[in-house]
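Residue numbers (my numbering), protein chains in the order written: chain R, 1 to 297; chain E, 1001 to 1187; chain G, 2001 to 2385. Note that beta-carbon positions come from the ideal geometry of N, C-alpha and C, so glycine has one too. Since the structure comes first, as structure tokens, the remarks are kept for the end.
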Amino acid sequence: MTTKVTEKRMQEREEHPMERLLRMDRIPHIWCPTCGIGTTVTALAVALKQLQLDLNNVAIVSGIGCTGRVAGYTKLDSFHTTHGRAIPFALGLHIARPDLKVIVFSGDGDLVSIGGNHLIHTARRNVDITVICVNNFIYAMTGGQVAPTTPITARSATSPYGNYEHPFNIPLLAASSGAVYVARWTALHVRRLTVAIKEALTKRGFSFVEVIAPCSTLYARLNKLGSGLDLMKFYHDNSVIRHGADPKEVNIDYQSKIAVGKFVDIEKPTYLDCLNNAYKKKFGDKYKPYGGGNGDK
Amino acid sequence: MATNEIRITGLGGQGVILCGYIIGKAASIYSNQHATLTQSFGPEARGSACSAQVVVSDTRVLYPYATSPQVMLAMSNDGYMTHKDTMADECTIVYEKDLVKPEKHGPKVKAYGIPGTRIAEELGHKIVLNIVMLGFLGAVTDLIPKEALRKGVESSVPAGTEELNLKAFDKGYEYGRQLKEKNAVKV
Amino acid sequence: MKADPKNVLTGSHYLDGNHASAEGGIAAGCKFFAGYPITPSTEIAERVSRRFPLIGGVFIQMEDELASMAAILGASWGGVKSMSCTSGPGFSLMMENFGLGIMLETPCVLINVQRGGPSTGLPTLPGQADMMQARWGSHGDYEVIALAPDSPQESFELTIHAFNLSEKYHMPVLVMTDECVGHMTERVVIPPAEEIELVERRYTDKEPGEAWPYEPTEGGVSPFLPVGKGYKFHVTGLTHDYRGYPVINAETQETNVRRLIDKVNNHVDEIIWLEEKDVEGAEIVVMAYGISSRVIQPAITKARKEGIKVGQIKMVTVWPFPEKRVRELAGQVKSLIMVEMNYGQVFLEMDRCAAGKCQTYLVGHAGGTVHNPDDIYKTIKEAVK
């Protein structure tokens, strides 16, 4: 899609239905045709719209990679940070401004590999942020290298003879680290995904949504899986809705059935709840509950 | 410009650093002198050799480490042995009698021993040995006024233990005063 | 603006440099601290964790230094003064997001209590061998501001100053202390709050939709856009234009990087802080920073007593380097001597600026102890020949 075409299209319509959430001055985006990231962004946009959240109070943080570009296209206070560090950056932003809804939107390599340590520790603390993780099983931005999510035997630019490393089961990782909300959907399940994002955004605590998304340019091509449409068909035929499934049982093998649904939805005090409770207990009335770094201002 | 270097040596857990801290604080907060405290310690928290250095001066301390100390406070024989040869020719050695066995020194060295552990035990708390030693040091040297040291003790020990520690300080001080009256015992 | 009395422990204290640094940050209004334990800097985090609950700050011990640095940037964008501290290996890890802080133009303070390196090196002993890492440790071209305290008192004061500089120039500012200063206990006089001048965050007065995060200004620094107020701004670690939007080409790179460099370089006269003594008419000038600027004193006194015309410059700011002053002096003196606990890092800058117009000497060693004044004295004697 060229800029000219976009401009023409924008002139044709008075307002693009996504204009409320997208930086139209940054469109066209960099994502390939049939990439699943755009669908996920749409799901977020619809979720925010349906929740009728004041978008002034929503901030988004991304890391690096294809999904890492999401922050750059969303018309929110948006931060495009370093590879893997979106979560700790978001943690700082959240603690400074607990009144804001802070969303981390990034990819599997960013959140689970280089940022894996931050994912598990921020889930452990139950920091009140929402993480949306687009999992395309591969490092796409850099040209299709093996990821910690690449299924065994799948090929990539750096596993040319087929991957032989055990991949992460991301919902299990998030759940066992302490996330209070964990769901997985594919880019095909747009409505269910939107509901999941809405639930995640309204959940107090560390909420986590994994989105299985097609990367036709690299993952599908390197594995001869056809086009993006073929991958969507695959999701259609092989996704199994298993709400409440034990996260231990939702790992993904190469071209196997994909368990989707809401796996975890529990209540637990958040990081700031725990902080305030502990200090209240220790200092009594001398302690003023923390509600943001600017205090009286 | 009078500058005095003090080496405090003992074992981790004996309160070597606190001892140095009180001397430094007494000098720089309660008696209008300048004092730096530095310390050296191994990775072990307890039982290993431990040493603190306090440099006390009328003017700003420029070099914060002891090069040839005029005073040593020794609470372990190992510590004493390690540092005895670094002392100034003319120096004062203050030691715990039952823990440190000083060697023969030249005539320029004054050595004062105190059964600090026994005194601390008589007070019911072996842990106040360092404060007994501090009182003793205060009496046999004239580096820092007694009242400044007492204030240093009072404001540095854990809340609720001030009375016990001041008692320990006074016991050590009194022992030192009497000993000094009888003149230094040369070893 | 003046410091908030609630944050300031006015009075005389007997504190080590690390505790004093913590008090400096607190007095400056820091309300978010993210860090990871590492010797010999940990006491800063410990003190902050004790002090914060009752003054409305949040201390968080992060999973590592990568996260610590990222978190303080996030909090700073949330409008809260933020800091961290580290040493040696932790400093290496923080360099990643230090670069992000430079690129996003994020005010915050990072204290490095230097120990001996490389690698794990000497955790409990001093060094000054991270000075070039402070200057160039993150990839890419940029300028930094680094301060070097010589005492607990300066640890307190320079931490406040670092916050002020960071808010003024919109960048992370480094306090490069060392194990000796960090663990040395000395009198620290904390003044009344009304005597502590603070620079506060300057926000745009434009309406949402009209303001961009990096608009060109005379000083090179645009007013901040606040989060949560409808500005819906974007910032990125990618090369970006004045809107904060990524633009991947050489022209934007030039504008972006020049901006990062110029905002410091165009203000070096305001930023550079030197304390000179007996430099007028001196034949020899000894330059040093941090604890080294303190331990040179006995050697200089001794040499001056012998009639050697030796002056001294204490570099309170090490970066930006006082290039102009050194070039000036090089034409006037016989020798310049740099004393630092490394094998010649800031010396290289001094030597470069001397440009062969005078002799240059390094008194350096690999760290682990402060200099022996005799070594400095010997070099002065040699330099006067």
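Please list the terminal residues of the continuous alpha helix (DSSP H) segment that includes residue i.
{"i": "residue 2046 (chain G)", "result": "2042 to 2051"}
{"i": "residue 1171 (chain E)", "result": "1162 to 1181"}
{"i": "residue 125 (chain R)", "result": "116 to 125"}
{"i": "residue 2019 (chain G)", "result": "2017 to 2027"}
{"i": "residue 2103 (chain G)", "result": "2088 to 2104"}
{"i": "residue 2065 (chain G)", "result": "2065 to 2077"}
{"i": "residue 2183 (chain G)", "result": "2179 to 2183"}
{"i": "residue 1023 (chain E)", "result": "1016 to 1030"}
Between residue i and residue j, which are expected to be in contact by the criterion C-beta below 8 Å, what is the C-beta distance as a whole number of angstroms?
{"i": "residue 2080 (chain G)", "j": "residue 293 (chain R)", "result": "3 Å"}
{"i": "residue 147 (chain R)", "j": "residue 108 (chain R)", "result": "6 Å"}
{"i": "residue 2152 (chain G)", "j": "residue 2010 (chain G)", "result": "Not quite, the Cβ-Cβ distance comes to about 16 Å (not below 8 Å), so this is no contact."}
{"i": "residue 240 (chain R)", "j": "residue 39 (chain R)", "result": "Between residue 39 (chain R) and residue 240 (chain R) the Cβ distance is about 20 Å, and since that is not below 8 Å, they are no contact."}
{"i": "residue 2126 (chain G)", "j": "residue 2039 (chain G)", "result": "With 8 Å as the limit, residue 2126 (chain G) and residue 2039 (chain G) do not qualify as a contact, their Cβ atoms being about 12 Å apart."}
{"i": "residue 1056 (chain E)", "j": "residue 1039 (chain E)", "result": "That belief does not hold up - the Cβ atoms of residue 1056 (chain E) and residue 1039 (chain E) are roughly 16 Å apart, past 8 Å."}
{"i": "residue 2180 (chain G)", "j": "residue 2318 (chain G)", "result": "About 16 Å; that fails the 8 Å criterion."}
{"i": "residue 2279 (chain G)", "j": "residue 2311 (chain G)", "result": "4 Å"}
{"i": "residue 1133 (chain E)", "j": "residue 1075 (chain E)", "result": "6 Å"}
{"i": "residue 115 (chain R)", "j": "residue 184 (chain R)", "result": "No, residue 115 (chain R) and residue 184 (chain R) are not in contact; Cβ-Cβ is about 18 Å, not under 8 Å."}
Could you tell me the boundaries of the beta strand (DSSP E) in which residue i lies?
{"i": "residue 62 (chain R)", "result": "58 to 62"}
{"i": "residue 181 (chain R)", "result": "181 to 186"}
{"i": "residue 265 (chain R)", "result": "258 to 265"}
{"i": "residue 1005 (chain E)", "result": "1003 to 1011"}
{"i": "residue 2114 (chain G)", "result": "2108 to 2116"}
{"i": "residue 2361 (chain G)", "result": "2359 to 2364"}
{"i": "residue 2060 (chain G)", "result": "2058 to 2061"}
At the level of alpha carbons, what is the spacing between residue i and residue j?
{"i": "residue 2357 (chain G)", "j": "residue 2336 (chain G)", "result": "10 Å"}
{"i": "residue 1952 (chain G)", "j": "residue 2102 (chain G)", "result": "As displayed, chain G neither begins before 2001 nor continues past 2385, which places residue 1952 (chain G) out of reach and without an answer."}
{"i": "residue 233 (chain R)", "j": "residue 158 (chain R)", "result": "27 Å"}
{"i": "residue 1138 (chain E)", "j": "residue 1052 (chain E)", "result": "17 Å"}
{"i": "residue 1108 (chain E)", "j": "residue 2164 (chain G)", "result": "54 Å"}
{"i": "residue 105 (chain R)", "j": "residue 167 (chain R)", "result": "21 Å"}
{"i": "residue 200 (chain R)", "j": "residue 2109 (chain G)", "result": "34 Å"}
{"i": "residue 288 (chain R)", "j": "residue 2315 (chain G)", "result": "42 Å"}
{"i": "residue 2377 (chain G)", "j": "residue 2286 (chain G)", "result": "10 Å"}
{"i": "residue 1187 (chain E)", "j": "residue 1006 (chain E)", "result": "Confidence at residue 1187 (chain E) is low in this model, with a pLDDT of 46, below 50, so the placement of that residue should be treated as unreliable; the coordinate-derived value is given next. Taking the straight line joining both Cα atoms gives about 20 Å."}
{"i": "residue 2098 (chain G)", "j": "residue 2043 (chain G)", "result": "22 Å"}
{"i": "residue 1173 (chain E)", "j": "residue 1151 (chain E)", "result": "14 Å"}
{"i": "residue 2226 (chain G)", "j": "residue 2015 (chain G)", "result": "37 Å"}
{"i": "residue 110 (chain R)", "j": "residue 134 (chain R)", "result": "10 Å"}
{"i": "residue 2135 (chain G)", "j": "residue 271 (chain R)", "result": "36 Å"}
{"i": "residue 180 (chain R)", "j": "residue 65 (chain R)", "result": "26 Å"}
{"i": "residue 2074 (chain G)", "j": "residue 61 (chain R)", "result": "9 Å"}
{"i": "residue 1009 (chain E)", "j": "residue 92 (chain R)", "result": "44 Å"}
{"i": "residue 31 (chain R)", "j": "residue 37 (chain R)", "result": "8 Å"}
{"i": "residue 34 (chain R)", "j": "residue 2201 (chain G)", "result": "44 Å"}
{"i": "residue 2026 (chain G)", "j": "residue 2240 (chain G)", "result": "33 Å"}
{"i": "residue 136 (chain R)", "j": "residue 174 (chain R)", "result": "17 Å"}
So, is the C-beta of residue i closer than 8 Å to a C-beta in chain B?
{"i": "residue 1028 (chain E)", "result": "Of the chains in the structure shown, none is chain B; the protein chains are R, E and G."}
- Task: Could you run through the region 2060 to 2077 of chain G and flag, in chain order, every residue whose CB is less than 9 Å away from some CB of chain R?
- Result: Going along the region 2060 to 2077 of chain G in chain order, one finds 2060, 2062, 2063, 2064, 2066, 2067, 2068, 2069, 2070, 2071, 2072, 2073, 2074, 2075, 2076, 2077 with a Cβ nearer than 9 Å to chain R.
- Item | Interfacial residues, the region 2278 to 2298 of chain G to chain E, with Cβ spacing under 9 Å | For the region 2278 to 2298 of chain G, which is checked against every Cβ of chain E, the residues closer than 9 Å are 2291, 2294, 2295, 2296, 2297, 2298.
- Query: What residues in the region 1013 to 1026 of chain E bring their beta carbon closer than 7 Å to a beta carbon of chain G?
  - Reply: Of all residues in the region 1013 to 1026 of chain E, 1021, 1024, 1025 have a Cβ within less than 7 Å of some Cβ in chain G.
- Query: Curious, which full-length alpha helix (DSSP H) runs of at least 4 residues does the region 189 to 230 of chain R contain?
  - Reply: With a minimum length of 4 residues, the continuous alpha helix (DSSP H) runs that stay inside the region 189 to 230 of chain R are 190 to 202.
- Item | Within the region 1058 to 1131 of chain E, ranges of the beta strand (DSSP E) (whole runs, at least 3 residues) | Runs of the beta strand (DSSP E) spanning 3 or more residues and lying entirely within the region 1058 to 1131 of chain E occur at 1071 to 1074, 1091 to 1096, 1109 to 1114, in chain order.
- Between the region 80 to 94 of chain R and chain G, which residues of the former have a C-beta closer than 7 Å to a C-beta of the latter? So the close ones are 80, 81, 82, 85, 88, 89, 90, 91, 92, 93.
- What residues from the region 2005 to 2016 of chain G come within 7 Å of chain E, judged by C-beta to C-beta, listed N to C? Residues of the region 2005 to 2016 of chain G with a Cβ closer than 7 Å to any Cβ of chain E, in chain order: 2012, 2014.
- Write down every uninterrupted run of the beta strand (DSSP E) in the region 2270 to 2356 of chain G whose length is 3 residues or greater and which is fully enclosed by it, in chain order. DSSP runs (the beta strand (DSSP E)) wholly in the region 2270 to 2356 of chain G: 2274 to 2277, 2284 to 2288, 2310 to 2315, 2317 to 2319, 2335 to 2340.
- Task: Note down, one range per segment and in chain order, each alpha helix (DSSP H) of at least 4 residues found wholly within the region 2118 to 2174 of chain G.
- Result: Qualifying alpha helix (DSSP H) stretches, in chain order: 2131 to 2136, 2152 to 2169.
- Select from the region 2095 to 2113 of chain G all residues with a C-beta closer than 7 Å to any C-beta belonging to chain R, and list them in chain order. Only those residues of the region 2095 to 2113 of chain G whose C-beta falls short of 7 Å from the nearest C-beta of chain R are listed: 2096, 2097, 2100.
- Message: So if I threshold CB-CB distances at 9 Å, which residues from the region 2297 to 2324 of chain G count as touching chain E?
- Response: Here the close residues are 2297, 2298, 2301.
- Query: Listed from N- to C-terminal order along the chain, which residues in the region 2026 to 2041 of chain G have their beta-carbon within a distance smaller than 7 Å of any beta-carbon of chain R?
  - Reply: From the region 2026 to 2041 of chain G, only 2031, 2032, 2034 have a Cβ closer than 7 Å to chain R.
- Message: Output needed in chain order: residues of the region 2174 to 2187 of chain G with a Cβ under 8 Å from some Cβ in chain E.
- Response: For the region 2174 to 2187 of chain G, the residues whose beta carbon sits under 8 Å from a beta carbon of chain E are, in order, 2180, 2183, 2184, 2185, 2186, 2187.
- Entirely enclosed alpha helix (DSSP H) segments - the region 44 to 91 of chain R, minimum 4 residues: Fully enclosed alpha helix (DSSP H) runs of 4 or longer: 70 to 73.
- Residues of the region 2077 to 2092 of chain G whose Cβ lies closer than 9 Å to any Cβ of chain R, in chain order: Listed by position along the chain: 2077, 2078, 2079, 2080, 2081, 2082.
- Query: For the region 1127 to 1146 of chain E, which residues have a beta carbon sitting closer than 9 Å to at least one beta carbon of chain G?
  - Reply: Those residues of the region 1127 to 1146 of chain E that come within reach of chain G (Cβ to Cβ, closer than 9 Å) do not exist; the list is empty.
- Can you give me, in chain order, the residues of the region 1057 to 1068 of chain E that have a beta carbon less than 8 Å from any beta carbon in chain G? Against chain G - using a Cβ distance shorter than 8 Å - the residues of the region 1057 to 1068 of chain E are 1061, 1062, 1063, 1064, 1065.
- Item | Members of the region 108 to 122 of chain R near chain G, C-beta cut-off 7 Å | Within the region 108 to 122 of chain R, contact with chain G at the beta-carbon level (separation under 7 Å) is assigned to 117, 118, 121.
- Positions along the region 2226 to 2237 of chain G whose CB lies within less than 8 Å of some CB in chain R: Under the 8 Å Cβ criterion, the region 2226 to 2237 of chain G contributes 2227, 2228, 2229, 2230, 2231, 2232, 2233, 2234, 2235, 2236, 2237.
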